[in-house]
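Peer 1: Got a structure for you, questions after.
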Amino acid sequence: MAELLVGGPLCAHSVKGSAWMFAPVDFDMPDHALPAQTGSFVSDVILPFGEQAMTPEHKFPYVPASKPRSAEVILYLDLDGVVHHEKVLWHPGKGIYMSPYEAAGHTLFEWLPILEQALEPFPALALVLSSTWCIRPGYSATLKRFPITLRSRFIGGTYHRRVHGVDPWNQAMFRETPRGVQIQQDAQRRRPRHWIALDDDLEDWPAAYRHHLIACDGTRGLSDPDVQRELKEQLQRCHTTSSSPE
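Mapping the sequence shown onto the UniProt record's numbering, position 178 (from 1) lands on 178, and the numbers just tick up by one.
Next up, the structure:
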């Protein structure tokens with residue numbers, strides 16, 4: 001997980017496990033519409049992209065507002081550390097960008113062609129976005145960065161404002177939930193016959209669902225031949241089982 005870095009609309013403590021924030025916000029809103037910060041803080045400080053903090057006392061039930069779309073086989077796709085290097089930053093003026101120091105020479109979405117090629121033999125496979133990009137810059141804005149061949153596969157995100165509503169406490173609860181649990185809960189709602197997940201966030205994955213995870217090294221992501229090999233094997237296994245008679 002990344003450490004506290006540079007400029008933006010929120011302030012949070014940088015120590016993992018003790019993070020907090022002054023005010024919940026809807027991160028799909030334009031920056032000029034963000035509510036004013038409250039409390040005493042150092043101006044213009046932000047966590048690296050995807051590392052927003054939350055107040056531990058606001059732990060409300062996380063209930064989606066409507067039934068999500070589904071498919072027989074779903075791939076849950078993380079972005080940072082999977083389709084590009086993990087060192088991604090956000091700035092209110094520059095938006096999302098690669099760290100020029102920790103990810104020099106890398107570009108956003110640089111490994112998407114690898115994913116595109118891997119999925120080509122499986123046209124019925126659906127994608128679900130399982131990333132902090134669901135919140136910032138938002139699901140729809142994120143999909144615009146994908147080629148149409150991949151964009152057309154998406155059926156939703158693990159967090160989507162149209163599904164979960166806009167209650168900021170729902171968002172805080174979602175952020176507090178480990179990635180593996182987010183995906184597990186989404187899979188339980190969508191009920192695909194098979195699902196797998198590409199992710200570099202391995203913390204607190206439910207043991208019973210660990211076999212669904214294709215673990216990525218955040219600095220190599222899909223460029224790692226071992227990840228490519230495991231993805232191919234998992235995809236073939238899912239589709240072979242799906243095509244078999246009951």
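Beta carbons: idealized from backbone N, C-alpha and C, even for Gly. All of these numbers come straight from a predicted model, not from anything done at the bench.
#1: Just checking my contact of Gln184 with Ser130 at CB under 8 Å: how many whole Å lie between their CB atoms?
#2: Below 6 Å CB to CB, which residues in the same chain sit around Phe74 once its five sequence neighbours on both sides are set aside?
#3: Look at Leu143 and Arg151 and say whether their C-beta atoms are less than 8 Å apart.
#4: Can you tell which of Pro100, Gly156, Lys87, Ala118 has the C-alpha that lies nearest to the C-alpha of Arg229?
#5: Nearest by alpha-carbon distance to Trp133: which of His211, Leu79, Ala207 is it?
#6: Look up Asp167 in the DSSP assignment and say whether it is helix, strand or coil.
#7: Report the residue from Arg69, Val82, Phe146 whose alpha carbon sits nearest the alpha carbon of Leu202.
#8: Using only alpha-carbon positions, find the residue among Tyr139, Asp226, Cys238 that is nearest to Ile114.
#9: If we call anything under 8 Å between Cβ atoms a contact, is Asp217 one with Asp200?
#10: Which first and last residues belong to the beta strand (DSSP E) in which Val128 is found?
#11: Which of helix, strand or coil does DSSP assign to Ala103?
Peer 2: For this structure:
#1: The C-beta distance from Gln184 to Ser130 rounds to 11 Å, too long to meet the 8 Å contact threshold.
#2: Before going on, a small fix: residue 74 reads as Ile here, not Phe. Closer than 6 Å at the Cβ level, and outside the excluded window around Ile74, lie Ala126, Val128, Pro192, Trp195.
#3: Yes, Cβ-Cβ distance for Leu143 and Arg151 is below 8 Å.
#4: When only C-alpha atoms are compared, the closest one is Ala118.
#5: Comparing Cα-Cα distances from Trp133 to each of His211, Leu79, Ala207, the minimum goes to Leu79.
#6: Three-state result, Asp167: coil.
#7: The shortest CA-to-CA distance from Leu202 to any of Arg69, Val82, Phe146 is the one to Val82.
#8: Distances from the CA of Ile114 to each of Tyr139, Asp226, Cys238 were compared; the closest alpha carbon is that of Asp226.
#9: For the pair Asp217 and Asp200, the CB atoms are nearer than the 8 Å cut-off.
#10: For Val128, the enclosing beta strand (DSSP E) has its first and last residue at 126-129.
#11: In the structure shown, Ala103 adopts coil according to DSSP, grouped into three states.
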